[in-house]
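For reference, the structure discussed in these notes is given below.
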Amino acid sequence: MDATRARQRLQDAQARQRRLAERLRQAEADPVESGELSTVDQHPAELGSETFERELELTTLTILEGELKDIDDALGRLDHGTYGICEECGKLIDEARLEAVPWARYCVVDQARIEQALSRR
Ligand SMILES: [Zn+2]
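Counting from 1, position 57 in the sequence shown corresponds to residue 614 in our numbering; the numbering is continuous, with no gaps.
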């Protein structure tokens with residue numbers, strides 16, 4: 558992939574994820590202020606789903622932060638001229654894969670192998 562285009566896509570994704578993470582953090586810090594919690598006529602049964610929503614927000618935040626780290630690393634690789642090279646086997650990552658996941662660290666083969674190893678734990 559063209560480095561300029563890759564950088565553009567990574568920076569776009571970074572800005573988008575940062576905004577999302579920021580919004581989630583605000584909701585987390587001040588649920589009433591951000592209108593996440595309707596405190597007045599709350600039915601007890603709805604409290605459970607609020608808790609679930611907050612857990613979901615926290616999970617989403619964790620995923621977002623992981624992706625932001627990946628994007629950051631990918632931008633670093635662009636600077637060092639190692640962008641698009643698999644961190645495992647050193648081969649070039651598929652164009653189509655970089656098109657779908659611009660911050661991919663591994664080629665399809667290694668990604669599948671790593672995911673399989675993780676799921677076997
Ligand atoms: Zn590889």
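Ideal Cβ placement from N, Cα and C applies to all residues, glycine included.
Under the DSSP definition of a beta bridge, Leu649 partners with Ile642. In the three-state reduction of the DSSP assignment, Ala563 falls in the helix class, which pools H, G and I. The three-state secondary structure of Arg678, taken from DSSP, is coil. Setting aside the 5 residues that flank it on each side, Cys643 is surrounded in the same chain by Ile650, Tyr663, Cys664 and Asp667, each with a C-beta closer than 7 Å to its C-beta; the list follows chain order. In the structure shown, Asp627 adopts helical secondary structure according to DSSP, grouped into three states. As the crow flies, the alpha-carbon of Thr561 is around 29 Å from that of Thr617. By the neighbour-count criterion, in which a residue is buried when 16 or more other Cβ atoms sit within 10 angstroms of its Cβ, Ile671 is exposed.
Judged by their CB atoms, Leu621 and Ala578 are nearer to each other than the 8 Å cut-off. Not one heavy atom of ligand 1 sits closer than 7 Å to the Cβ of Val658. Inclusion of Leu635 and Ala563 in the CB contact set at 8 Å is warranted, their separation being smaller than that value. By the rule of a C-beta closer than 6 Å to any heavy atom of ligand 1, the residues picked out are Cys643, Glu645, Cys646, Lys648, Tyr663, Cys664, Val666 and Asp667.
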